[in-house]
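A.B. asks: In the working numbering, the protein residues as written are 22 to 159. Note that the Cβ used here is the ideal one computed from N, Cα and C, for glycine as well. Only a predicted model underlies this, so the values are computations on that prediction, with no experimental measurement involved.
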């Protein structure tokens with residue numbers, strides 16, 4: 022069974038519906054909306070999405086832009102905007118709870134381990150960029 026679940030799988034009474042929503046694709050954009058509305062600052066977004074997860078889970082070489090760290094980066098255009106539709110969803114389930122919403126920012130590029138993995142609104146399939154995370158025992 023794939024998750025997130027398809028729209029059809031969700032169309033049952035609440036108690037019977039499978040849990041979970043497709044949110045990862047738009048999580049960072051939703052935080053940029055908070056910045057746009059003045060409810061968060063850009064440094065707070067970086068802290069909550071990069072620094073804190075690396076600290077909390079003791080992930081080695083990640084969460085900061087530092088020499089010797091892996092380059093996991095996202096280039097965001099804070100003025101371009103992104104209109105969400107089910108058609109431009111990258112989820113296996115092909116729908117988004119944000120369909121019809123216009124985010125204030127747009128993700129332009131994403132690098133994982135220093136390799137370009139997303140550009141021009143397309144995922145670049147490159148399995149060689151995948152690496153296991155290393156968790157510190159300390």
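Going by the beta-carbon positions, is the gap between residue 1 and residue 91 smaller than 8 Å?
C.D. replies: This structure does not reach residue 1, given that the chain is present from 22 up to 159, and the question cannot be answered.
A.B. asks: State buried or exposed for residue 53, treating a residue as buried only when at least 16 other CB atoms are found within 10 Å of its CB.
C.D. replies: Classification of residue 53: buried, given that the 10 Å Cβ count is 16 or more.
A.B. asks: Rounding to the nearest angstrom, what Cα-Cα distance links residue 104 and residue 124 in this structure?
C.D. replies: If you draw a straight line from the Cα of residue 104 to the Cα of residue 124, it comes to about 6 Å.
A.B. asks: Would you check if the region 50–64 and the region 76–93 touch, i.e. whether three or more CB-CB distances between them fall below 8 Å?
C.D. replies: Contact between the region 76–93 and the region 50–64 is absent, because fewer than three Cβ pairs lie under 8 Å.
A.B. asks: Helix, strand or coil: how does DSSP classify residue 77 here?
C.D. replies: Judged by DSSP in its simplified three-state form, residue 77 adopts helix.
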